[in-house]
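First the structure, in the form of structure tokens, and then the observations on it.
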Amino acid sequence: MDFGRPCLNHDTINARSETLLSTKFETRVNDRVQLFLKAYRHTWDTDYTRIYNVLDDNGNLTGETRVVNDDTYWGYKDYGFNAMLEWAVAPQADLVVGFDQQNYRAEDDVWRIADEKEQVNAVFAQVRSTPQLFENTVLALGVRNNRPSESRDSTVWNLSGKHALSDRWYVQGNLGTSFRLPDAEALFL
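Heads up, the sequence shown is in this note's numbering, so the first residue is 62 and it goes up one at a time.
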């Protein structure tokens, strides 16, 4: 719920500026190996203004307002890179291995979060079948180990499969655990 006090809120302004830059490079090393590199930078800056109505002792609007936040800063910077190698180890299977680094910096004068930083380094791998192993079916098993600088390490996994019933119909399934880079509220509140 955005406004838990609808009678109090007179006006809220998020003057937001957002920039996202990314670049990607991929090359085929040989018939069996491909290399993928990706880098990104994401910034999000907000000047936040919140103006409340003033209520009298009986809870009625007085017609006056008060400024709670006046262009208060809130934002983050997120940047990182990913390096991944895809290798056709056999006609029936591919192997994917890689490294991922994410850097996150947040500051929020509204929630009173000081200038905070987090870095996550992760290695990951996935083994996946090709249609040559099982006709009309592909399976994949992946694992990722995350090592954050300010929170607990975690290892997540994923098992997925897809089976073609015809040229137009298929069934697929996915099972596993997940990881997301925590935001400022999850990290610092």
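We put the beta carbon where it would ideally sit given N, CA and C, even for glycine. Source: prediction; values computed, not measured.
>> With the cut-off set at 7 Å, would you say Tyr-113 and Asn-75 are in Cβ contact?
In response: For the purposes of this step, residue 113 is identified with residue 52 of the sequence shown, where counting begins at 1. For the purposes of this step, residue 75 is identified with residue 14 of the sequence shown, where counting begins at 1. Their beta carbons are not under 7 Å apart, which means Tyr-113 does not touch Asn-75 by this criterion.
> On the three-state DSSP scale, how would you describe Arg-93?
Replying inline: On the sequence shown, position 32 is the one that residue 93 refers to. Coil, per DSSP.
> Going by Cα to Cα distance, which pick from Arg-127, Gln-95, Lys-178, Gly-222 is closest to Asn-70?
Replying inline: Reading the sequence shown from its first residue, position 9 is the one you call residue 70. Among Arg-127, Gln-95, Lys-178, Gly-222, the Cα nearest to that of Asn-70 is on Arg-127.
> Residues in its own chain within less than 7 Å of Asn-182 by CB, not counting five upstream and five downstream?
Replying inline: By one-based count along the sequence shown, residue 182 stands at place 121. Same-chain partners within the cutoff: Gln-162, Arg-208.
> To which residues of the same chain is Lys-85 closer than 6 Å at the C-beta, ignoring the five residues directly before and after it?
Replying inline: Here residue 85 is taken as the residue at index 24 of the sequence shown, counted from 1. The residues are Lys-99.
> In three-state terms, what does DSSP make of Pro-192?
Replying inline: Taking the sequence shown and counting its residues from 1, one reaches residue 192 at position 131. In the structure shown, Pro-192 sits in coil (DSSP, three-state: anything other than H, G, I, E or B).
> So Val-204 packs on Arg-189, CB below 8 Å; how close in whole Å?
Replying inline: In the sequence shown, the residue the question calls residue 204 occupies position 143. In the sequence shown, the residue the question calls residue 189 occupies position 128. At roughly 13 Å, the Cβ-Cβ gap does not stay under 8 Å, so Val-204 and Arg-189 are not in contact.
> Taking only runs of the beta strand (DSSP E) that begin and end inside the segment 133–181, which ones reach a length of at least 3 residues, in chain order?
Replying inline: Listed in chain order, the complete beta strand (DSSP E) runs (minimum 3 residues) inside the segment 133–181 are 154–169.
> When the Cα atoms are used, what is the spatial distance from Glu-179 to Leu-194?
Replying inline: Reading the sequence shown from its first residue, position 118 is the one you call residue 179. Reading the sequence shown from its first residue, position 133 is the one you call residue 194. Here the alpha carbon of Glu-179 sits roughly 42 Å from the alpha carbon of Leu-194.
>> DSSP three-state label for Thr-238, please.
In response: In the sequence shown, the residue the question calls residue 238 occupies position 177. Three-state DSSP puts Thr-238 in coil, outside helix and strand.
>> Pop quiz: Thr-107 and Trp-135 are said to be a contact at Cβ under 8 Å. What is the actual Cβ separation, rounded to whole angstroms?
In response: Taking the sequence shown and counting its residues from 1, the one referred to as residue 107 is at position 46. Taking the sequence shown and counting its residues from 1, the one referred to as residue 135 is at position 74. The Cβ separation is near 5 Å, so the contact holds.
> CB-CB under 6 Å to Met-62, same chain, minus the five flanking residues each way: which ones, in chain order?
Replying inline: Here residue 62 refers to the residue found at position 1 when the sequence shown is read from its first residue. Low per-residue confidence applies at Met-62: pLDDT is 47, beneath 50, and the placement is therefore not dependable enough to give any value.
>> Whole angstroms are fine: how far does the CA of Ser-221 sit from the CA of Asp-92?
In response: On the sequence shown, residue 92 is found 31 positions in, with the first residue counted as 1. On the sequence shown, residue 221 is found 160 positions in, with the first residue counted as 1. CA-CA distance, Asp-92 to Ser-221, rounds to 26 Å.
> In chain order, which continuous runs of the beta strand (DSSP E) of length 3 or greater are located wholly inside the segment 72–122?
Replying inline: Counting only runs of 3 or more, we get 94–116.
> Under the DSSP definition of a beta bridge, which residues are partnered with Leu-220?
Replying inline: The residue given as residue 220 occupies position 159 in the sequence shown. According to DSSP, which records beta bridges pairwise, Leu-220 is partnered with Leu-202, Leu-236.
>> To the nearest angstrom, how far is the alpha carbon of Arg-102 from that of Asp-214?
In response: The residue labelled residue 102 in the question sits at position 41 within the sequence shown. The residue labelled residue 214 in the question sits at position 153 within the sequence shown. The C-alpha of Asp-214 is placed about 24 Å away from the C-alpha of Arg-102.
> What's the C-alpha gap between Trp-230 and Trp-105?
Replying inline: For the purposes of this step, residue 230 is taken as the residue at position 169 of the sequence shown. For the purposes of this step, residue 105 is taken as the residue at position 44 of the sequence shown. When rounded, the separation of the alpha-carbon atoms in Trp-230 and Trp-105 is 41 Å.
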